[in-house]
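Down below is the structure, laid out as structure tokens.
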Amino acid sequence: MRPRRGGGTYGFFSRNYGGEALQLGDCGASHFYHLWVGYGLSAGRISHINGDFSSRPPSFPKAPAAAFLSQIRLNQAKSGIVGRESKSAYDASMVAFAQQYGPWALISGASSGIGASFAENLARRGLSLALVARRKSRLQALAQRLQAEHGAECLVLPEDLLNPVAPQRLQEAMAGREIGLLVNNAGYGGLGAFEQQDFATLRNMVRLNCEAVLALAHHFVPPMVERGRGGMVMVASVAGMLPCPWMSVYGATKAFDLQLGEALHVELKPKGVDVVTVCPGHTASEFHQIAGVHGPVPGREAQPEEVVALALSKLGKGNSTVEGLQNKILANAPRFFPRSWTAAVSGKVLAKRLEHLPDSKA
Ligand SMILES: NC(=O)c1ccc[n+]([C@@H]2O[C@H](COP(=O)([O-])OP(=O)(O)OC[C@H]3O[C@@H](n4cnc5c(N)ncnc54)[C@H](OP(=O)(O)O)[C@@H]3O)[C@@H](O)[C@H]2O)c1
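In the numbering used here, the protein residues as written are 99 to 460.
Structure (structure tokens):
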């Protein structure tokens, strides 16, 4: 998104958060209020940021204007067309994207959520797709739909990425096809008290979220470096930007993804390979069900299309990006407050989710 300009407080956020400024309307005043009250700050403090918000009760319904803006943003993310961009400019940017990062994109975790949305967006941009996940029937259905709707060539590659030979098998399956973009997305999380969580589940989380991410990058990036052209998207998380008690291992795995992605951005940029790491916050997908988060999660829920549109808009431009204004505030908290404080507050917020675990003893 292009940066939008404005005056006063809106202008401050607009300048500091660039194209994300619309999310101020998107997250809604009541969400903003929840965020800061949830973090133990007084309503008086909120008035320092914007007097309007402090007067809103926590249950203030999402304003029609905010809902309207939210819908516009989502429609833009779905269509790919940004702001007042003309159709011809849009078409030209799609062609340039395909030349830079095509002809093939390999997407891990393409069977649902953010990964499926990457597949949709990249098919629209004219890339051919290698779709990787365990559920073959899901991948086949997605491939058929993308072929019918966008004419995208799709390869269905069912693999369990916990299998150490999976990256090698993927490389063999793709032999003779040039992968210009790797979307390192497959991953899962888990909520619960550390000592009560199953060790095998935690270890597999580390293996999938870190080892498999590393293995895919190490298999598919070197040919890009040889060609002097290509890209990789790392899907990390806001959870990787601050300690996450009750999701401690997940947070640690995502910190690994973030660090790896940001470092590779610097290393590979001069070699013609663009790396961007996207840090989503709460996003509508199967993630929460698998992680064991059953109750309502405070704050705004992003749609996968928004995460994907943001990540691809930053590819070749930034090293990492956080989706959503409230997530940006969370992610930056350790820069302004003592780490012990942010860890404690993060623990308080996440502990609330434990209350919704069916058999929680925490
Ligand atoms: N949703 C959120 O709120 C959120 C927030 C921050 C970051 N993220 C990150 O976003 C990424 C995508 O998650 P999502 O939200 O889209 O969740 P999701 O809907 O659960 O998707 C996860 C994907 O990973 C695949 N996967 C899981 N285990 C796998 C394995 N062993 N081998 C191969 N593929 C496997 C799943 O496919 P199969 O089950 O078919 O194998 C699925 O396609 C994850 O890295 C997650 O950590 C999500």
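All C-beta atoms, glycine included, are put in the ideal place defined by N, C-alpha and C.
- In the DSSP assignment, D372 is bridged to G329.
- Of all C-beta pairs linking the stretch 401–420 to the stretch 434–447, fewer than three are shorter than 8 Å, placing the two stretches out of contact.
- Per DSSP, T440 is not a residue of any beta strand (DSSP E); the alpha helix (DSSP H) it occupies stretches across R437 to L452.
- Sequence-distant Cβ neighbours of L306 in its own chain, meaning closer than 7 Å and more than five residues away, are L259, L260, A284, G285 and Y286.
- By the Cβ rule, the stretch 243–263 does not count as touching the stretch 294–301, because fewer than three pairs are nearer than 8 Å.
- Per DSSP, the continuous alpha helix (DSSP H) segment holding T299 begins and ends at F297 to V304.
- According to DSSP, C377 shares a beta bridge with V420.
- For G278, the enclosing beta strand (DSSP E) stretches over residues I277 to N282.
- Taking all protein chains shown into account, V281 has 16 or more neighbouring C-beta atoms within 10 Å of its C-beta and is therefore buried.
- P256 is bridged by DSSP to A231.
- Scanning K412, G288, E384 and D189 for the CA closest to the CA of A449 turns up G288.
- The count of Cβ pairs closer than 8 Å, one atom from the stretch 357–371 and one from the stretch 312–329, reaches three, so the stretches are in contact.
- Minimum Cα-Cα distance from Q266 among the listed residues G379, Q197, A315 and P432 corresponds to A315.
- When secondary structure is reduced to three states using DSSP, L340 falls in the coil class, being assigned neither helix nor strand.
- Put simply, the backbone Cα of A264 is about 42 Å away from that of F435.
- Remark: fewer than three beta-carbon pairs, one from each stretch, lie closer than 8 Å, so the stretch 337–348 and the stretch 267–275 are not flagged as touching.
- Between V406 and I212, the CB-CB gap stays under 8 Å.
- Secondary structure of S383 (DSSP, three-state): coil.
- Short note on L289: C-beta not closer than 7 Å to any heavy atom of ligand 1.
- Between R451 and Q424 a beta carbon distance of about 16 Å is seen, past the 8 Å cut, so the two are scored as non-contacting.
- Secondary structure note for S206: its beta strand (DSSP E) is the uninterrupted segment W202 to S206.
- Only residues of its own chain outside the window of five on either side were considered, and among them W202, A203, L204, A228, F318, P321, M322 and G328 have a CB closer than 8 Å to the CB of I277, listed in chain order.
- L240 and K234 have their C-alpha atoms roughly 10 Å apart.
- Under DSSP, A400 shares a beta bridge with T381.
- For the 8 Å CB-CB criterion, G359 and A334 form a contact.
- Nearest Cα to M303 within the set Q245, D355 and R275: D355.
- Short note on A353: C-beta not closer than 7 Å to any heavy atom of ligand 1.
- For S186, the enclosing alpha helix (DSSP H) begins and ends at K185 to Y199.
- Of the heavy atoms belonging to ligand 1, none sits nearer than 7 Å to the Cβ of L255.
- Using a Cβ distance threshold of 8 Å, L237 and P256 count as a contacting pair.
- Around the C-beta of E403, 16 or more other C-beta atoms lie within 10 Å, and the residue is accordingly described as buried.
- Of the candidates L408, P341, A400 and E453, the residue whose Cα lies closest to the Cα of V374 is L408.
- Relative to the non-hydrogen atoms of ligand 1, the Cβ of L204 never comes closer than 7 Å to any of them.
- At least one heavy atom of ligand 1 is found less than 7 Å from the C-beta of E384.
- At a cut-off of 7 Å, the beta-carbon of Y199 does not count as near ligand 1: no heavy atom of the ligand is closer than that.
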